[in-house]
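Report on the following structure.
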Amino acid sequence: DAGVIQSPRHEVTEMGQEVTLRCKPISGHNSLFWYRQTMMRGLELLIYFNNNVPIDDSGMPEDRFSAKMPNASFSTLKIQPSEPRDSAVYFCASSLGQVGTEAFFGQGTRLTVV
Amino acid sequence: KNQVEQSPQSLIILEGKNCTLQCNYTVSPFSNLRWYKQDTGRGPVSLTIMTFSENTKSNGRYTATLDADTKQSSLHITASQLSDSASYICVVSKAAGNKLTFGGGTRVLVKP
Chain A
442 DAGVIQSPRH
452 EVTEMGQEVT
462 LRCKPISGHN
472 SLFWYRQTMM
482 RGLELLIYFN
492 NNVPIDDSGM
502 PEDRFSAKMP
512 NASFSTLKIQ
522 PSEPRDSAVY
532 FCASSLGQVG
542 TEAFFGQGTR
552 LTVV
Chain B
4 KNQVEQSPQS
14 LIILEGKNCT
24 LQCNYTVSPF
34 SNLRWYKQDT
44 GRGPVSLTIM
54 TFSENTKSNG
64 RYTATLDADT
74 KQSSLHITAS
84 QLSDSASYIC
94 VVSKAAGNKL
104 TFGGGTRVLV
114 KP
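Sequence order for the protein chains is A and B. Following this note's numbering, the numbering of the first sequence begins with 442 at its first residue and continues without gaps. Following this note's numbering, the numbering of the second sequence begins with 4 at its first residue and continues without gaps.
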C-alpha cells in the first residue's frame, strides 16, 4: 500500500490567492483527518470525515478554510483567500475507525504564504 | 480545560544511552493515550497506544507507561540510536465527543 498521499509537497503562494491541498487516503480506511502543524501551536486537528461525511469541523480556524470529501478516495482542503499566518505544514491522515484509532499520516504539504 | 503537557521540550542524549519523556494530561473522561514519533519532514507515526487498564506497553526499544490515577504517561527509549532523533508527540483521546488533545512534543537529538 502506498500510504496516504498528499499533494503538492510544497506550495508557495502570494497572500490573497486560493490554495488547494489534496489527499488520497489509504484504501479501505473510512476516516480522514486534516491537521495543521506549526512551531507555535504544534499539531491541530482541523476537520475529520467519517464515511465521507464531515463529523467535526470545530478546528477549522475560519470561513476562509473549507474541506470536501467527494468520495472515499479523495479529499481537498481549500484556503481562500490565503494569508501569511496560514503558513504551516498541513497533514492528511486516515484510519479504520473514528478519532482515537491509529491514524496513518501523509508526508504533509508545506505551505508558505508570502 | 483539557490539556496535554510534555516535558522536556527538547533533550540531547548520547547514542546508546536511555532517556525518558513525560506526558501529563488533564483530559477527562479519558479514552486512550497514544505516542507518536515524527521524523523531520515526515508525518507522525504511532508508536504505542495505552488504554485505561494498561500500565506498560513496549514496542521494541520504546516502552510506554500510564498511570491513570495521576494522569501521567512516560515514554522510555532504551539504548538510543541515531535514528531515534525525532519529535515525540503525546496525544490523548477524550471518551466523550471523540476529541483529541495534542501535546507540544519533545524533540530528541541523539548524538554519536
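Think of the CB as a built atom: it goes at the ideal place given N, C-alpha and C, for glycine as much as any other residue.
### Residue burial classification, residue 51 of chain B (beta-carbon count within 10 angstroms, cutoff 16)
Here residue 51 of chain B is buried, its C-beta having at least 16 other C-beta atoms within 10 Å.
### Query
So what does DSSP say about residue 115 of chain B, is it helix, strand or coil?
Coil at residue 115 of chain B, not helix or strand.
### Task
Check residue 511 of chain A in the structure and name its three-state DSSP category.
Under the three-state reduction of DSSP, residue 511 of chain A is assigned to strand.
### Query
For residue 32 of chain B and chain A, any beta-carbon pair shorter than 9 Å?
No, residue 32 of chain B lies away from the interface with chain A (no Cβ there is under 9 Å from its Cβ).
### Where the beta strand (DSSP E) containing residue 452 of chain A begins and where it ends
Residue 452 of chain A -> beta strand (DSSP E) spans 451-454.
### Message
Using beta carbons (cut-off 9 Å, strictly below), is residue 462 of chain A in contact with chain B?
### Response
Not an interface residue.
### Message
Am I right that residue 83 of chain B and residue 22 of chain B are in contact with their C-beta atoms under 8 Å? What's the rounded C-beta distance?
### Response
Indeed, because the Cβ distance is near 6 Å, the residues count as touching under 8 Å.
### Message
Taking CB distances under 9 Å as the criterion, tell me whether residue 544 of chain A reaches chain B.
### Response
By the rule that beta-carbons nearer than 9 Å mark a contact, residue 544 of chain A touches chain B.
### Query
In the region 479-507 of chain A, which residues sit with their C-beta less than 8 Å from some C-beta in chain B, listed in chain order?
So the list reads 483, 484, 485, 486, 496 and 497, given in the order they occur along the chain.
### chain A within 9 Å of residue 58 of chain B, Cβ atoms only
Using beta-carbon distances, residue 58 of chain B does not count as an interface residue toward chain A, since no partner is under 9 Å.
### Task
Using a Cβ-Cβ cut-off of 9 Å, state whether residue 515 of chain A counts as contacting chain B.
No Cβ of chain B is located within less than 9 Å of the beta carbon of residue 515 of chain A.
### Task
Answer yes or no: do residue 66 of chain B and residue 6 of chain B have a C-beta to C-beta separation smaller than 9 Å?
Going by C-beta atoms, residue 66 of chain B is not nearer than 9 Å to residue 6 of chain B.
### Message
One question on the structure: do residue 530 of chain A and residue 477 of chain A come within less than 9 Å of each other, judged by their Cβ atoms?
### Response
Yes; because the gap between Cβ atoms is below 9 Å, this pair is in contact.
### Query
Do the region 515-527 of chain A and the region 443-451 of chain A make contact, defined as three or more Cβ pairs closer than 8 Å?
No, the region 515-527 of chain A does not touch the region 443-451 of chain A.
### Task
Taking C-beta pairs closer than 7 Å, name the residues in chain B that residue 548 of chain A reaches, listed in chain order.
Near residue 548 of chain A (Cβ distances below 7 Å), the residues of chain B are 45 and 46.
### Task
Use the C-beta contact count for residue 40 of chain B: other C-beta atoms within 10 angstroms, 16 or more gives buried, fewer gives exposed.
Classification of residue 40 of chain B: buried, given that the 10 Å Cβ count is 16 or more.
### Message
Quick check on DSSP: helix, strand or coil for residue 527 of chain A?
### Response
Under the three-state reduction of DSSP, residue 527 of chain A is assigned to helix.
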